[in-house]
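Protein chains in written order, with the numbering used here: chain G, 1 to 374; chain R, 1001 to 1240.
Even for Gly, the Cβ is constructed at its ideal location relative to N, Cα and C.
Since this is a predicted model, take the numbers as computed values, not measurements.
Read through the structure below, which is laid out as C-alpha cells, and then see the notes.
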C-alpha cells in the first residue's frame, strides 16, 4: 500500500485538472466546484489527487492513510468478505475512506471520483465507507475514464458498514468508454434499523462490466434497496446483478432495474435470500430492446428457508410498441424523438431513491447522456 | 382543404375501404356516420399515414398537395391532427411533456388543463390509469394545444358520460367555430351533434360511402330506420 498525505494535494478539486479530466469527471456526476458537496475525493489511476472534507462530521481520505492514522479502521478492512467467506484481491492501490460521525446528518452529498487516465492502466482500489450509529449520509461516486485511457481496467472493491439506525444513500455513476473493462465488487453490512440505498446508473458505452454487489441485512428492521438504470450500446456486455441476504427478522429488500439495449448484451441478475422470518422482499426487472442485435437476459432468483416471508418478483422484456411511437408522431414528434422520449420515460430516475439535492443534477445528466446516445 | 379521390385501402390484404371520394372544404365540419367495423377509423388512420393501412389505389390531397409519401409527423406539420377513439397508454411519457412539446404557452397549458379538469393528470403517464372520460379529455386537451387546421375526431363521445360530452362538446364547438377550423367527426351515437354544429354528413357502410347531406336529417333517418334502411334509402345516391 502506498501512503498518501494531504500536504502535497491541491487546494481545490478543480485545480491542476486537464480539460479531458474535467470533462470525464463532470460526466460522472461530480461537482467540480464542490459547491453542492460537503466532501470530495479524487483518484487518478493509482494517484490520490485530492481529498477534502468541509464538515467536521465527515472524515475523507485515502484508505491507506486511514488505516495508518486510525488503528480501528484496520478491523473494517476485508471484514465483509470474511463474513461471507469470500476472498478479495489484495493488490489494490488507493481507494477512499469515508466515515460519518455518530448521529450526524450530512445535509449535502459527499462525492468521490475514480478516474482512469493512462492507456492500458489497471486501476485497483479498495474503498471503506462507515456510517456510524444514527448517522445519515448521501454519497455519490463517479467512475470514469478520459479519452486517453484506451483499453484500461477498473477494479473497485467497496465495503459499506451501516451501523445501528444509520442511513446511507449511495449513488454510483459509471461513465466509461467502449474499450474499458470494469469489475466492481461490493458488500454492504447493515445493522439494526439501518438503511442502505444503492442507485446505479450506467448510460455510456463500456466494453465489459461484471458486478454483483451484495447487501447483508444482519440485524432486525434493516433495509436495503438496489435501483439500477442501464443502457447497453452495441458490442458491449453488462452483467449486472444485486443480491440481498435477509439474515434478520423484519428486514426489507427491494431490487429494481430498468435496462435498455441499443444492441449490446445485458444480463440483469437479482438474488433475494431470506434467512429469517417475517421479511419482505421484491425484485423487479424491466427491459427494452431497441435493436435487433440487442440481448437482455433477466435472471431473478429468490430463496427462502422460512415459511413466513413475503417475496415477489416481476420481469418483463419487450420492444417499444409501434402504436405508442405512432401516437406520439401524430402529435408531431419525429419517430426518433418519439423513441427517445419513451426511452427517457422508461429510464425513469424516479425508480432511484435520489435525495432532492441530487435529483435535478442526475436528471439533467441523464437527459444529456441519452440525447447523445440516440 | 382535403380531397380524397377513389381511395381503396386494405389491412393485411383484406380490402377495408373501397373507392372512397370525399371533400372537406376550409372551415367545414363534416360528420361521418356508420356502424361499428364499417371502416370509419381506417379512413382517418389512412389519411394520418399510420402503418398497417395499405393504400391500394386513389389519392389523398391536403391543401393541394398529395400527401401519400409523407410520414405521420410531416402530415401533422402540414396541419392534420387526430383525436383518438382508443389511444394507447404511453408508459414513461407524462401528459405535461407532450403538452409542452405542443405549446410553448405555459399559461395556455395551465388554463386548458384547468378547464378540462386535467391539472392533476399533467404529471401522470399518458392514459395510464385514466378513466374513459379522462382519456377523452386528455385527447381533446392535446388536440387543442396541437391546433391543427383539419381535426379528425374519432368517436369523441364514446365511453363518456353526458356531463363530459357536454363539457367537451361545448369546448370543441367553440374552438371549431371561433378558429374557423375544418373537422371530420366520426360518430355512431350522434350525441356529439347536440353540441357541435356540423355542416354536412355522410354514411359509411362496409367500407363504402353511401350518401352526403344534412347531418341532422341523416342522423334522424339512422335513428328511426337504422343503417340498413339508410343503405336502401340512399342507394341511388351512393358516392362514387
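- For residue 330(G), the C-beta contacts it makes with chain R under 7 Å involve 1048, 1072, 1076, 1082, in order along the chain.
- Counting other Cβ atoms within 10 Å of its Cβ, residue 144(G) reaches 16 or more and is therefore classed as buried.
- For the stretch 305 to 339 of chain G, the beta-carbon criterion of a distance under 8 Å to any beta-carbon of chain R is satisfied by 321, 322, 323, 324, 326, 327, 328, 329, 330, 331, 332, 333, 334, 335.
- Distance between residue 1224(R) and residue 1207(R), taken at the CA atoms: about 22 Å.
- Along the stretch 340 to 355 of chain G, the positions whose C-beta sits under 9 Å from a C-beta of chain R are 341, 342, 343, 344, 345, 346, 347, 348, read in chain order.
- One Cα belongs to residue 1132(R), the other to residue 1155(R), and the distance between them is close to 12 Å.
- Leaving aside the five residues that flank residue 363(G) on each side, the residues in its chain whose CB is nearer than 6 Å to its CB run, in chain order, 349.
- The C-beta of residue 236(G) has 16 or more other C-beta atoms within 10 Å across all chains shown, which makes the residue buried.
- Straight across, the Cα-Cα distance linking residue 186(G) with residue 248(G) is about 20 Å.
- Using a 10 angstroms sphere on the CB of residue 8(G), the tally of other CB atoms stays under 16, which defines it as exposed.
- Listed in chain order, the beta strand (DSSP E) elements of length 3 or more contained wholly in the stretch 1023 to 1052 of chain R are 1029 to 1033.
- In terms of beta-carbon proximity, residue 1101(R) lines the interface with chain G, with at least one pair separated by less than 8 Å.
- Taking every protein chain shown into account, the CB of residue 10(G) has fewer than 16 other CB atoms within 10 angstroms, so this residue is exposed.
- In this structure, residue 1201(R) lies near residue 1214(R), with their beta-carbon atoms less than 8 Å apart.
- For residue 343(G), the enclosing alpha helix (DSSP H) covers residues 335 to 346.
- Taken through DSSP and simplified to helix, strand or coil, residue 180(G) comes out as coil.
- When 139(G), 219(G), 209(G), 147(G) are compared, the shortest CA-CA separation from residue 165(G) is found for 219(G).
- Neighbours of residue 1155(R) in chain G, taken as residues at a C-beta separation under 9 Å, are lacking, since the least C-beta distance is about 16 Å.
- Closest in alpha carbon position to residue 110(G), among 307(G), 234(G), 172(G), is 172(G).
- Taking CB atoms only, residue 1069(R) has no neighbour in chain G less than 8 Å away.
- For the stretch 1131 to 1151 of chain R, the set of positions with a beta-carbon nearer than 8 Å to some beta-carbon of chain G reads 1142, 1146 in chain order.
- Within the same chain, and ignoring the five residues on either side of residue 338(G) in sequence, the residues whose Cβ sits closer than 7 Å to its Cβ are 325, 328, 329.
- With respect to residue 351(G), residue 256(G) sits close: the two C-beta atoms are nearer than 8 Å.
- Taking the C-beta atoms as reference points, residue 1157(R) is found nearer than 8 Å to residue 1192(R).
- Each of 1221(R), 1062(R), 1199(R) was checked against the Cα of residue 1027(R), and the nearest Cα belongs to 1199(R).
- Straight-line measurement puts the Cα of residue 1187(R) at about 17 Å from the Cα of residue 1150(R).
- In this structure, DSSP gives residue 72(G) a state outside helix and strand, which the three-state scheme calls coil.
- The Cβ atoms of residue 1041(R) and residue 1085(R) sit closer than 8 Å to each other.
- Using a C-beta cut-off of 8 Å, the stretch 296 to 307 of chain G makes contact with the stretch 255 to 272 of chain G, since at least three inter-stretch Cβ pairs fall below that distance.
- Neighbours of residue 1051(R) in chain G, taken as residues at a C-beta separation under 8 Å, are given in chain order as 322, 326.
- By the Cβ neighbour-count rule, residue 1105(R) is exposed, with fewer than 16 other Cβ atoms within 10 Å of its own.
- The C-beta of residue 71(G) has fewer than 16 other C-beta atoms within 10 Å across all chains shown, which makes the residue exposed.
- Between the alpha carbons of residue 277(G) and residue 45(G) lies a gap of roughly 45 Å.
- Counting along the chain, no beta strand (DSSP E) covers residue 1101(R); the unbroken alpha helix (DSSP H) around it starts and ends at 1095 to 1102.
- Within its own chain, the residues whose Cβ lies closer than 6 Å to the Cβ of residue 200(G), once the five positions on either side in sequence are excluded, are 172, 228, listed in chain order.
- Where residue 1109(R) is concerned, the enclosing alpha helix (DSSP H) starts and stops at 1106 to 1115.
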